[in-house]
Structures are given as C-alpha cells and as structure tokens.
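K.L.:
Take the sequence shown: its position 176, counted from the start at 1, is 176 in UniProt numbering, and no numbers get skipped. Backbone N, C-alpha and C fix where the C-beta goes; we use that ideal spot for every residue, glycine too. What follows is a structure written as structure tokens; I'll ask about it next.
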Amino acid sequence: MIPRQENEYVLSETFHQTSLKPLGKGRKACSREFEYDFFISHSHKDEDWVTNILLRHLESQFDEQDVAFKGCIADRDFIPGTSILDNIIGAIKKSNKVILILTDHFVSSNWCQYEADRAVIKSLNLDSKDINCVIPIVLEECLIPEKIDHLNFIDMTIKRDFVQEMMRLKKVLLPEDK
C-alpha cells in the first residue's frame, strides 16, 4: 500500500502532467450553446473510477492556464422527480460531447446501451464539424458495441499511457471556437 502522503504527491504530479498548458489563463471550456462540456455514460459499477479519477481530472483547474470542464453525470446532475428517460435525453441534448465508459458492466447494462443509442443519434443529427461528439473510453478490455466500433477511442487499459490519453481526451473536449 502506498502511504497517503506519497499517494497525494503522485496524484498531484499526474494532475499537473495532464493540464492543458497553452490554452490561456483560467479558461473555461464550455461552449455558449451547451450547459455542459460532456455527459458521461457509465455503469454504476464503474462510478468510483468516474468520480474519483475522471471527473477530478476533467472538472478541476490545476493551474491558471489549465481548463476546467463542466461535466454531467446521472447521480449528481439528474433532476429528481423527472423520468430517467427524460433526464438522459436532456443531459445528452445539453452536452457538447458524450463520453462512454466502456467496460463489461457498460456493455451488459440496458441503460448504458440506451444512452449510447441516444449519443449516436445525436451525432447523426449534427453538422459535419461536430462529428466527434461521441467519445468512447475503453477502461477495460470488453466487447465494443457494434454501433460505436467504428469510432476511435481513448485507451485507459494501459496505466502507463494514462497521462497521454487524458491529454487526448481534454483536447477533444475543447469546443471548436477555443
């Protein structure tokens, strides 16, 4: 087990390495036409990684030149009392991009498959400049659903490539006008 102090240093160093340096002082990423930069579709069984790793990297501004993105996840941002279907449709509509966290849990979840279907429908209805609105992240080796197997993905299966893959993700999340 890594001592807490050493672990905090490693996390801090990783955050620093994944910062987007040359983008301008204290920039916020969200495009004016969307409430969120991204919606994350994931199995509740992968919630720990999504909340403690992915969101911490994407929603935090680690220095004055880094970008803090604004994300949407079901457990935090869905409106209580509204149907799950309406929450999903609304979240995808209000988000510039949709991130799909691909694991065996995702593939076997009907809700995740519905969210992936809605994301693909959104991508088909967009202008050609926005065709990369669906961003698959492969968190573990799994069967890629046919509806998205033609898309390039962010590969988080190899720990040593984490910093590089996080940088790729941050770059693709930036709105076109940045």
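In its own chain, which residues sit with a C-beta less than 8 Å from the C-beta of C133, not counting the 5 before and 5 after it?
P.N.:
If you number the sequence shown from 1, residue 133 lands on position 133. Contacts found: N96, K97, V98, A119, K122, S123, L126.
K.L.:
How many whole angstroms separate the CB atoms of A116 and L100, which I take to be in contact at a CB cut-off of 8 Å?
P.N.:
Your numbering for residue 116 matches position 116 in the sequence shown. Your numbering for residue 100 matches position 100 in the sequence shown. Yes, they are in contact, since the Cβ atoms of A116 and L100 sit about 6 Å apart, within 8 Å.
K.L.:
Leaving out five residues on either side along the sequence, give the residues of the same chain with a beta carbon under 8 Å from the beta carbon of D46.
P.N.:
Taking the first residue of the sequence shown as position 1, residue 46 is located at position 46. Only I101, T103, H105, F106, L139 meet the Cβ criterion.
K.L.:
Roughly how many angstroms lie between the CA atoms of Q61 and L173, to the nearest whole one?
P.N.:
Translated into the one-based positions of the sequence shown, residue 61 becomes position 61. Translated into the one-based positions of the sequence shown, residue 173 becomes position 173. Answer to the nearest angstrom: the Cα atoms are 14 Å apart.
K.L.:
Is it buried or exposed for K170, if we count other Cβ within 10 angstroms and need 16 for buried?
P.N.:
Translated into positions along the sequence shown, residue 170 becomes position 170. Result: buried.
K.L.:
For V50 and E141, I'd like the C-alpha separation in whole angstroms.
P.N.:
Taking the first residue of the sequence shown as position 1, residue 50 is located at position 50. Taking the first residue of the sequence shown as position 1, residue 141 is located at position 141. Rounded to the nearest angstrom, the two C-alpha atoms are 17 Å apart.
K.L.:
Can you give me the C-alpha to C-alpha distance between R160 and M166, rounded to a whole angstrom?
P.N.:
Your numbering for residue 160 matches position 160 in the sequence shown. Your numbering for residue 166 matches position 166 in the sequence shown. Roughly 11 Å between the two C-alpha positions.
K.L.:
In this structure, how does DSSP classify F39 when only helix, strand and coil are distinguished?
P.N.:
The count along the sequence shown starts at 1 and reaches residue 39 at position 39. Of the three classes helix, strand and coil, the one that applies to F39 here is strand, per DSSP.
K.L.:
Taking 8 Å as the cut-off, does the CB of S60 come closer than this to any heavy atom belonging to the ligand ADP?
P.N.:
As presented, the structure is devoid of all ligands, the ligand ADP included, so that no description of it is given.
K.L.:
Would you mind reading off the limits of the beta strand (DSSP E) that contains S95?
P.N.:
Taking the sequence shown and counting its residues from 1, the one referred to as residue 95 is at position 95. From DSSP, the beta strand (DSSP E) with S95 extends over 95 to 102.
K.L.:
With distances taken between CB atoms, is the gap from C72 to Y36 smaller than 9 Å?
P.N.:
Translated into the one-based positions of the sequence shown, residue 72 becomes position 72. Translated into the one-based positions of the sequence shown, residue 36 becomes position 36. It is a contact, given that the beta carbons lie within the stated cut-off.
K.L.:
Check for me: the beta strand (DSSP E) holding V138 runs from which residue to which?
P.N.:
On the sequence shown, position 138 is the one that residue 138 refers to. Counting along the chain, the beta strand (DSSP E) containing V138 begins and ends at 134 to 138.
K.L.:
For residue 193, does the three-state DSSP call read helix, strand or coil?
P.N.:
Residue 193 lies beyond the stretch modelled for the chain, which goes from 1 to 178, so this question has no answer here.
K.L.:
Just how far apart, CA to CA, sit F39 and D63?
P.N.:
The sequence position of residue 39 within the sequence shown is 39, counting from 1. The sequence position of residue 63 within the sequence shown is 63, counting from 1. Rounded to the nearest angstrom, the two C-alpha atoms are 24 Å apart.
K.L.:
Going by DSSP in three states, G71 sits in which element: helix, strand or coil?
P.N.:
Working through the sequence shown from its first residue, we reach residue 71 at position 71. DSSP places G71 in strand when its eight states are reduced to three.
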